[in-house]
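For the sequence shown, my numbering assigns the number 47 to the initial residue and increments by one for each residue that follows.
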Amino acid sequence: MNIILLGPPGSGKGTQAQFLREHYGLMHLSTGDMLRHEVECETPLGQQVKNLMDSGQLVPDGLVIEMLSQYFDLPEYSVGIILDGFPRTTPQAIALDEMLERKGLDIDHVLEIQIDENLLVKRISGRFICVDCGAAYNEYFKIPVESGICDICGGRDFKRRVDDDTDKLRMRLRLYREQTHPIVPYYLGKGVLKTVDGAQDVEKVSKDISLIIEGREKP
Ligand code: AMP
């Protein structure tokens with residue numbers, strides 16, 4: 047079974063990919079993770095894409111397609127894959143079809159996790175963590191019981207992630223709307239696209255996904 051997870055940044059694609067990996071034994075392919083790894087290892091590709099990624103822009107199609115196709119040809123990915131963060135543009139969707147066709151494979155499900163942008167901004171831009179123990183908080187949904195003191199370890203130092211900056215997030219959401227969302231009709235036309243309500247609890251989103259891929263959802 048081959049699945050594409052579509053959805054704006056912060057919609058929970060990574061979390062749901064993990065769920066699918068554990069429950070259905072599929073291999074997780076995240077182009078974001080692969081690119082971050084290239085940057086960390088300071089490979090030529092990593093050096094080429096670092097600035098684009100830091101500023102929240104998309105990496106050119108050719109580079110991402112080339113990188114992904116190397117994984118695609120590895121035998122361990124024949125068991126079934128979850129694509130997370132790819133395709134993000136129409137040329138990537140077309141390239142993916144070609145890669146699949148070469149291996150005689152198809153996409154079984156494209157799951158679009160839908161979620162209101164303002165809720166996402168709060169979920170992501172409100173995130174902060176305790177420097178000492180890594181406990182996660184959110185200034186809108188989950189602040190420490192005692193202001194400025196970590197509930198878990200009593201630490202008093204907190205930090206935000208670099209890419210959690212609201213302007214950058216708004217830009218990434220705009221890129222999703224303008225470049226990625228337009229691939230929805232492409233998959234609707236193939237009859238494989240279903241939407242899932244991403245504003246629900248993580249467990250409920252996973253449950254809805256299971257119902258779809260097991261063909262047990264209500265009509
Ligand atoms: P993600 O973890 O999926 O949000 O990806 C992090 C960053 O990696 C994105 O903001 C882009 O800069 C880059 N990236 C990941 N996947 C792609 C893709 N399919 N096409 C272009 N850029 C990508």
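Using N, Cα and C, we set each Cβ at its ideal position, and we do this for glycine too.
For residue i and residue j, I'd like the C-alpha separation in whole angstroms.
i      : j      : result
GLY172 : PRO54  : 17 Å
GLY60  : ILE161 : 15 Å
PHE204 : MET145 : 44 Å
GLY102 : CYS87  : 19 Å
VAL105 : ASP254 : 31 Å
ASP100 : ARG206 : 15 Å
SER124 : PRO231 : 27 Å
ILE140 : TYR222 : 17 Å
LYS149 : PRO121 : 11 Å
LYS250 : PHE132 : 24 Å
PHE187 : GLU68  : 28 Å
ILE259 : SER193 : 43 Å
TYR70  : MET47  : 9 Å
Mapping DSSP to helix, strand and coil, what is residue i?
i      : result
VAL248 : helix
ILE111 : helix
ASN97  : helix
TYR233 : helix
ALA181 : coil
TYR67  : In the sequence as presented, Tyr is not what sits at residue 67; that position holds Arg. Here ARG67 sits in helix by DSSP.
SER193 : coil
MET47  : coil
GLU158 : strand
ILE198 : coil
LYS253 : helix
THR77  : helix
Can you give me the Cβ contacts of residue i inside the same chain, cut-off strictly under 8 Å, excluding the 5 residues immediately before and after it?
i      : result
CYS269 : Outside the shown range of the chain, which is 47 to 265, sits residue 269, and nothing can be said about it.
MET80  : MET113, LEU114, TYR117
ARG216 : VAL167
Does the distance from the CB of residue i to the CB of residue j come in under 7 Å?
i      : j      : result
MET73  : ILE127 : yes
VAL156 : VAL242 : no
ASP119 : ALA63  : no
GLY56  : ILE170 : yes
GLU163 : LEU219 : yes
Return the chain-ordered list of same chain residues with a C-beta closer than 6 Å to the C-beta of residue i, the five sequence neighbours on each side being excluded.
i      : result
PHE65  : SER252
VAL85  : GLY92, LYS96
LEU257 : GLU263
ALA181 : CYS196, ILE198
VAL110 : THR77
GLY261 : none
Tell me, to the nearest whole angstrom, how far the beta carbon of residue i is from that of residue j; I am working on the premise that it is less than 8 Å.
i      : j      : result
THR226 : THR135 : 7 Å
LEU165 : ALA245 : 6 Å
ILE229 : ASP154 : About 17 Å separates the two Cβ atoms, so there is no contact after all.
In chain order, what residues of the same chain have a beta carbon less than 7 Å from the beta carbon of residue i, not counting five sequence neighbours either side?
i      : result
VAL191 : ASP197
ASP107 : THR135, PRO137, GLN138
ILE189 : TYR183
VAL177 : GLY201, ASP203, PHE204, LYS205
TYR233 : VAL156, LEU239
Just checking residue i against ligand 3 - is the residue's beta carbon closer than 6 Å to any of the ligand's heavy atoms?
i      : result
THR226 : The model on display carries ligand 1 but not ligand 3.
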